[in-house]
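In what follows, a structure is listed as C-alpha cells, so that the remarks can point back to it.
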C-alpha cells in the first residue's frame, strides 16, 4: 500500500515536469528497490538517522542494554554532524562516525585520523 501511494505521487510529480534531483524516504525495502531500478535519474537517500534511532531504541528496551537509552539522541545528533561536515567525502564520514565508538567507550585519546583533524 505504501509503495502504491509513493509511486502514484512520484509519477504525478514527474508527469507535471517538476524536476526531482534527490528524494529522501524512510527505509522501505520496496521503495528502495524500485528507486534503484525504475527511477535511475533521481538520487535516492533514506532517512538513516531514523533507522539508527529505531534500532537503538529497540536494543535499549532489553534488560542488559538499558544504559543505551540516554545515548540515543546523542548518537542521532552525531550522525547528523558526520553527514553535514564530511563535505561528501565517504572516508571522512566513516571516520567521524566511527569516532563515536571511542567517545562512548571513554577512549578520548583517539588514534591519528587519516581524513580529518581531531
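Residue numbers (my numbering): -14 to 103.
A virtual CB, placed ideally from N, CA and C, is assigned to each residue, including glycine.
Go through its chain and collect everything with a Cβ distance to residue i's Cβ below 6 angstroms, but skip five positions before and after it.
| i | result |
| --- | --- |
| residue 61 | 34 and 38 |
| residue 31 | 10 and 12 |
| residue 67 | 78, 81 and 82 |
| residue 29 | 8 and 20 |
Return the first residue and the last residue of the beta strand (DSSP E) that residue i is part of.
| i | result |
| --- | --- |
| residue -5 | Unbroken run through residue -5 is the alpha helix (DSSP H), -13 to 0; no beta strand (DSSP E). |
| residue 67 | That residue, residue 67, is in no beta strand (DSSP E); its alpha helix (DSSP H) goes 57 to 70. |
Do residue j and residue i count as a contact pair if the criterion is CB distance below 7 angstroms?
| i | j | result |
| --- | --- | --- |
| residue 56 | residue 44 | no |
| residue 63 | residue 86 | no |
Report back the beta-carbon spacing between residue i and residue j to the nearest angstrom; my notes put them in contact at under 8 angstroms.
| i | j | result |
| --- | --- | --- |
| residue 41 | residue 27 | Between residue 27 and residue 41 the Cβ distance is about 29 angstroms, and since that is not below 8 angstroms, they are no contact. |
| residue 16 | residue 10 | 5 angstroms |
According to DSSP, residue i sits in a beta bridge with which residue or residues?
| i | result |
| --- | --- |
| residue 8 | 29 |
Where does the unbroken alpha helix (DSSP H) through residue i begin, and where does it stop?
| i | result |
| --- | --- |
| residue 16 | 14 to 23 |
| residue 79 | 75 to 89 |
Ordered along the chain, which non-local residues of its own chain (more than five positions away) have a Cβ less than 8 angstroms from that of residue i?
| i | result |
| --- | --- |
| residue 51 | 45 |
| residue 47 | none |
Identify, in the order they occur along the chain, each residue of the same chain with its Cβ nearer than 7 angstroms to the Cβ of residue i, setting aside the five sequence neighbours on each side.
| i | result |
| --- | --- |
| residue 25 | none |
| residue 71 | 77, 78 and 81 |
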